[in-house]
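Below is one structure, written out as structure tokens, with a few remarks after it.
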Amino acid sequence: MSISTLTQLLHEGQSSYLCYDLGRLVQPISNADFAAIEQQAMPYPYPIQGHACFALVFWPKLADSNQDPFLWFLKFPIDERGLLEQSTVYEFITQVITLLGQQVTQALTSEQEQQLQQSPYLFTPAEDKRAALHAQLRVHWQRPPSVHFELAQSNLETPDQWQDVGVQGLHDVCARLGELPASQRAICDNFVSYPPQLRQALAIALEHQQLPVAMIESLASQLQQQPEANELRADLLRSLASQEQSECSAAAIEHVLQQASADEVVICCARLWRAFDPMAEHPVALELLLHAMAQQQAAIFAALLTDLLRLPGLRPHLLILLQRDDLPQQIRQAWQTFTGAR
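Each step along the sequence shown adds one to the number in the UniProt record's numbering, with nothing skipped, and position 341 is 341.
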């Protein structure tokens, strides 16, 4: 039988698997959706810079529950319709079968490992993405957190050794905040006073997690109290990246966009894009985002708009908005410059 999808490859190899997007935020993609994506029955939901970046976590179906899984970090181009380019997936599958046959969970020799790593479709995610993934997987499998957890937890309450806190520990804490009320309170009470390096690393860890309601309300309130763009405001904004269904989060984003820096606009486009989906429960006006984008340099506007137009949830709404006769002048000029340069 010809194997043309990763789903087929894993099925034939008697493997169970999980899929996580790694391009924007670390978030699960259901097996049903992943199979549909591979069949081009649906666009890739979260592309970034024209690519689908995701992790495939897989293991033998009959494996011991404590066995470490196999992990591929994969990056494939998407076409202008947002669909996965099947030829590149097939090329990777061919490389794997040439090396391993269909037994994808067999132990690799050092030579096989080296050959596989030469594939152009494997990539190394940033450290924070890897840490977020490992933290989420440990929660999913009900395994204990890493050895870095306790130091991170104690320093979020009393940051006297914060320089020793590891990235993995912060992500482990953030992935378990629902069961850590003391850590929730500590983060809300101390966020603005944390040392900048700790605060930024914490914001990056928070952006991948669904937060308890009380935390969302507290962080959003603190964000609205920041009158102008600075590193603290950017960190607060990032911390709310996965809270797109929150009314107070939407209000805080609107506050930022009234006078946003280029960095804040990039954060909104790259991490908070779902907040601008008109189908969201409490959507932020797309026009407000476009206005903030139009105030940036033409090259920044073009790069951000190109990326947003790749998102299947936003593309139709953006195109309708940009064709309006009553489009504000600044947005219209930026759009005309964009289309004229293409």
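Even for Gly, the Cβ is constructed at its ideal location relative to N, Cα and C.
{"query": "Can you name the start and end residues of the alpha helix (DSSP H) that S154 belongs to?", "result": "F149 to E157"}
{"query": "Under three-state DSSP, which class holds A252?", "result": "helix"}
{"query": "Between which two residues does the beta strand (DSSP E) holding K75 run?", "result": "F70 to P77"}
{"query": "Could you give the distance in angstroms between the alpha-carbon of L223 and the alpha-carbon of L237?", "result": "7 Å"}
{"query": "For F73 versus A52, is the C-beta spacing smaller than 7 Å?", "result": "no"}
{"query": "Whose C-alpha, out of A182, P47 and L25, is nearest the C-alpha of R315?", "result": "P47"}
{"query": "Of the residues L240, D307, Y90 and E287, which one's Cα is nearest the Cα of L327?", "result": "E287"}
{"query": "Starting from the Cα of D172, find the closest Cα among L272, Q258, V192 and Q142 and give me that residue.", "result": "Q142"}
{"query": "Whole-angstrom Cβ separation of S15 and F58, contact assumed at under 8 Å?", "result": "5 Å"}
{"query": "List the DSSP bridge partners of A52.", "result": "F76"}
{"query": "Have a look at L116 and L62 and give me their C-alpha separation to the nearest angstrom.", "result": "25 Å"}
{"query": "Which two residues bound the contiguous beta strand (DSSP E) that contains D21?", "result": "S15 to D21"}
{"query": "Whole beta strand (DSSP E) runs in the stretch 212-242 with 3 or more residues, listed along the chain?", "result": "none"}
{"query": "What are the residues that DSSP puts in a beta bridge with L84?", "result": "I78"}
{"query": "To the nearest angstrom, how far is it from the Cα of Q40 to the Cα of R81?", "result": "10 Å"}
{"query": "Report back the beta-carbon spacing between A241 and S261 to the nearest angstrom; my notes put them in contact at under 8 Å.", "result": "About 17 Å; that fails the 8 Å criterion."}
{"query": "Below 8 Å on the Cβ atoms is my contact criterion, and I expect A214 with Q184 to pass it. Report the Cβ-Cβ distance as a whole number of Å.", "result": "7 Å"}
{"query": "Output the distance between the C-alpha atoms of F34 and R271, rounded to the nearest integer angstrom.", "result": "21 Å"}
{"query": "Beta-carbon separation of A234 and E264 under 7 Å?", "result": "yes"}
{"query": "What's the call for R324, buried or exposed, on a 16-neighbour Cβ count within 10 Å?", "result": "exposed"}
{"query": "Could you say which of W335, T158 and Y20 lies nearest to A302 if we only look at CA atoms?", "result": "W335"}
{"query": "Does DSSP classify L272 as helix, strand or coil?", "result": "coil"}
{"query": "Could you check if T7 is buried or exposed, using at least 16 other CB atoms within 10 Å of its CB as the buried criterion?", "result": "buried"}
{"query": "With burial defined as no fewer than 16 other Cβ atoms inside 10 Å of the residue's Cβ, what is the status of Q49: buried or exposed?", "result": "exposed"}
{"query": "Does the separation of the CB atoms of L156 and A186 fall below 7 Å?", "result": "yes"}
{"query": "Per DSSP, what kind of secondary structure is F58 in: helix, strand or coil?", "result": "strand"}
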